[in-house]
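See below for the structure under consideration.
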Amino acid sequence: MSTSSRQPAGSTEMRRRRDERSRQPDRRQTLYGGSLRTLAIATVVMIGLALGLAFFYAPEEATEGFLQRIFYLHVPLAIVCLAGFVAAGAMAIMHLRTRDPRWDLRSYVAIHMSLIFGIGVLICGSIWAKGSWGHWWVWSEPTLVSFLIIILLYATYQPLRFSIEDPERQARYASVFAITAGAFVPLNFIAVRLSTAYLHPRVLGSSKLPGPMAFTFLISLIAFALLYITLWRFEMTAKHARWQLKALRRKLSGEEIPARRRSAEPELGASSGSSSAPLGEPALTTPMIGRQAP
Amino acid sequence: MSVQAAQRQGAEAPGAQPRHPPRLRAVVLALLRKELLVELRTLESVPGMALFSLSTFVVFHFALNRNSVQGDLAAGILLVTLLFAGMLGINRLFVADEEQGGFDALLLAPVDRSAMLIAKVCALGIYLVVLEIVAVPAFALLLLGSSLANALPDLIGVLALVDLGLAVIGTFVAALAVRTRARDLIGPLIALPLLVPIAIGGSRACSPLLSSGHHGGVGGAPGLRWLLLIGLYDLVFGLIAYAVFDFLLED
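Residue numbers (the numbering used here), protein chains in the order written: chain A, 1 to 294; chain B, 1001 to 1251.
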């Protein structure tokens, strides 16, 4: 009883707020990427600094020589990639808790970025392996193998999304997958590490890095984390801009909302916006989607 | 036919409303009974799995060109065969519920949805045990070089843990994949990477049992850490599956 009487009040409240926002067009509101430029500049500076340090400041490693410097690219990239997978799992938990499609989008983009980083890790790891061990791929190497397994698992994320048509269920199942896989990341590392003798350089383990190396490593870790965040926000911005454009175009041409094409991409307007908004004004819901959740 | 038991539960619901909802154990037992009854009447999964494992042994014999295997190789063949035969059962696990309304019946019934997870895990575990009752003796007969008699108690322990992990992860993945369009593809694709730790632990633990120098007892006992690894993995994944399973059954 009480919920049904509260329902219309809630929706008018929402509409009022929406009107308020649409009356004062703010660039940050409409395009989400308000601080993107600052972030991008900071990333470029940090990457430049990290590369400079790696090439000119860090001391030459005694046994491996120049090749060892790939360490400042490979290890931060791997750490950021795995952290991104775990973060995507946390975002998926938020999605299942709040049922807010924005969290699903964040999780989707985070997994997307981490997959790209992960392929980069595999490639530069292979180069390093070829250089120092003489083989492109070493099975006795637990970190390599567990990384490959994780990438293989996450490679099924997009096919899974793609083969579920209903957007709401697609988002829900994808979140369940992201949570499970996010928990699998550390578990898998433990399991594979147990299975073979240690061969991989344990940079963060028992052996202590000398000061300049540790400093360079720290700087490049920060640089790649910034790169990840920048790319993540950039993709979010691009998606929002595209949806906004689509919504505006739809509004201008005055067409009915077209049938959703098959896609692995999360759709924001589909489950939350268009069902509550009247058919004529779906464009008003999309611009606000990019705002950070309160 | 597959949903009769579950529908009976649903049909009882209006009459049972004044009473408190049925206890979890009763629901799990009812669902498990339904699963086993359906399997007994249709014989859809288990005979196929057993037959598949036999043909896989034959294929391994020709592919490896060996008359008998031991140690690591034997453990690997046994584990891979069980894994792939299990995959057949995993693919079929929820199909009847999806096509004939078992999910809807469960959602209509006033019961905890986790009951379905537990019942399916038990059902899949029972299928796997039946599969192994056929496959392990066949393996010993066809391929294994050493005698199985001494190693049997330890092997049963290892396989029990492997079955548990396979059942938990398999049920979870099957529930995730059954409502997708390409379920026969998506299921194994997700399940195999998730099962890698089980495969590692299982094959490492089996390998000393299946080598010729093994005489039972502590000497060639499966490394405790592998058993610990599988057990821990089973436990963690059981908890994860229990936590997120409800979200898979929501509509």
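Just so it is clear, CB atoms sit at the ideal spot from N, CA and C, and this is done for glycine as well.
Q. Mind checking whether L1249 of chain B and R1025 of chain B have CB atoms under 8 Å apart?
A. No.
For the alpha helix (DSSP H) containing V1178 of chain B, name the first residue and the last one.
Unbroken run through V1178 of chain B: none, as it is neither H nor E.
>> I'd like the list of long-range same chain contacts for G1223 of chain B, defined as Cβ closer than 7 Å, with 5 residues on each side in sequence excluded.
In response: Excluding sequence positions up to five before and after G1223 of chain B, its CB lies within less than 7 Å of the CB of R1204, A1205, all in the same chain and listed in chain order.
Exercise for review: Would you identify the three-state DSSP class for L1148 of chain B, choosing helix, strand or coil?
Suggested key: coil
Under 8 Å, with one C-beta from each stretch per pair, do the segment 1078-1095 of chain B and the segment 1120-1137 of chain B reach the 3-pair mark? yes
request  = Output the distance between the C-alpha atoms of C81 of chain A and S107 of chain A, rounded to the nearest integer angstrom.
outcome  = Here the C-alpha atom of C81 of chain A lies approximately 13 Å from the C-alpha atom of S107 of chain A.
**Asked** Taking C-alpha atoms, which residue in B:G1201, B:F1052, B:D1104 lies nearest to L1164 of chain B?
**Response** Closest by C-alpha distance to L1164 of chain B, out of B:G1201, B:F1052, B:D1104, is B:G1201.
Legend entry - Under the three-state DSSP convention, the category E64 of chain A falls into: coil
With DSSP as the reference, identify every bridge partner of V1069 of chain B, one or two as the case may be.
B:L1144
Subject >> Straight-line gap, R193 of chain A to F85 of chain A (C-alpha atoms, nearest Å) >> reply: 19 Å
Quick one: does L115 of chain A have its CB under 8 Å from some CB of chain B? no
- request: Identify the contact partners of F1247 of chain B in chain A, using a Cβ-Cβ distance below 7 Å as the criterion.
  value: L96, R172, V176
**Item:** Contacts that L1194 of chain B makes with chain A (C-beta to C-beta distance below 7 Å)
**Value:** L153, F184
Taking the alpha carbon of Y72 of chain A as the reference point, which residue from A:P159, A:V176, A:G125, A:A191 has its own alpha carbon closest? A:G125
Using a Cβ-Cβ cut-off of 8 Å, state whether A283 of chain A counts as contacting chain B.
For A283 of chain A, the predicted structure reports a pLDDT of 38, less than 50, and the residue's modelled location is therefore unreliable. A value from the coordinates is still provided. It does not: the Cβ of A283 of chain A has no partner Cβ on chain B nearer than 8 Å.
Can you have a look at S1053 of chain B and say buried or exposed, based on whether 16 or more other CB atoms are within 10 angstroms of its CB? Under this definition S1053 of chain B is a buried residue.
Q | Distance cut-off 7 Å: F184 of chain A Cβ against heavy atoms of the ligand MG | A | The ligand content of the structure shown is nil, which means the ligand MG is not present either.
Output yes if chain B places a C-beta closer than 8 Å to the C-beta of A191 of chain A; else output no. yes
query = What does Y1242 of chain B touch in chain A if you count any residue whose Cβ is under 8 Å from its own?
reply = Per Cβ cutoff of 8 Å: no residues; Y1242 of chain B is ~12 Å from chain A at best.
Any beta carbon of chain A sitting closer than 8 Å to that of R1023 of chain B? no
- Query: Under the three-state reduction of DSSP, which class applies to V1111 of chain B: helix, strand or coil?
  - Reply: Coil, per DSSP.
Give the straight-line distance between the Cα atoms of V121 of chain A and L115 of chain A, rounded to the nearest whole angstrom.
Spanning the two alpha carbons is a distance of roughly 10 Å.
Whose C-alpha, out of B:V1058, B:K1034, B:S1045, B:A1050, is nearest the C-alpha of N1143 of chain B? Looking at the sequence itself, residue 1143 of chain B is Leu, so the reference to Asn does not match. Comparing Cα-Cα distances from L1143 of chain B to each of B:V1058, B:K1034, B:S1045, B:A1050, the minimum goes to B:V1058.
| field | Between the CA atoms of P1193 of chain B and D1154 of chain B - distance to the nearest angstrom | value | 26 Å
query = Is the segment 1074-1081 of chain B in contact with the segment 1039-1048 of chain B, if contact means three or more CB pairs nearer than 8 Å?
reply = no
I'd like to know if L111 of chain A contacts chain B, where contact means its C-beta is closer than 8 Å to some C-beta of that chain.
Checking the sequence, you will find Ile at residue 111 of chain A rather than Leu. Judged by the 8 Å Cβ criterion, I111 of chain A is not in contact with chain B.
Does any C-beta atom of chain A lie closer than 8 Å to the C-beta of P1197 of chain B?
Interface annotation, P1197 of chain B: in contact with chain A, CB-CB separation under 8 Å.
TODO: With 8 Å as the threshold, decide whether the Cβ of R106 of chain A is near any Cβ in chain B.
DONE: No, its Cβ sits nowhere closer than 8 Å to a Cβ of chain B.
Q.
Using only the alpha-carbon positions, how far apart do K130 of chain A and E267 of chain A sit?
A. 43 Å
Using 8 Å as the limit for Cβ to Cβ distance, is S163 of chain A near chain B? yes
Does R102 of chain A pass the burial test, meaning 16 or more other C-beta atoms within 10 Å, or should it be called exposed?
Classification of R102 of chain A: buried, given that the 10 Å Cβ count is 16 or more.
Exercise. Let me know the secondary structure DSSP gives L1185 of chain B once reduced to three states.
Key: helix
Look up G84 of chain A in the DSSP assignment and say whether it is helix, strand or coil. helix
Open item on the list: Short of 7 Å Cβ to Cβ, which residues in the segment 1106-1117 of chain B face chain A?
Closed with: The segment 1106-1117 of chain B vs chain A, Cβ under 7 Å: nothing.
Mind pulling the chain B residues with CB within less than 7 Å of I149 of chain A?
-> P1193, V1196
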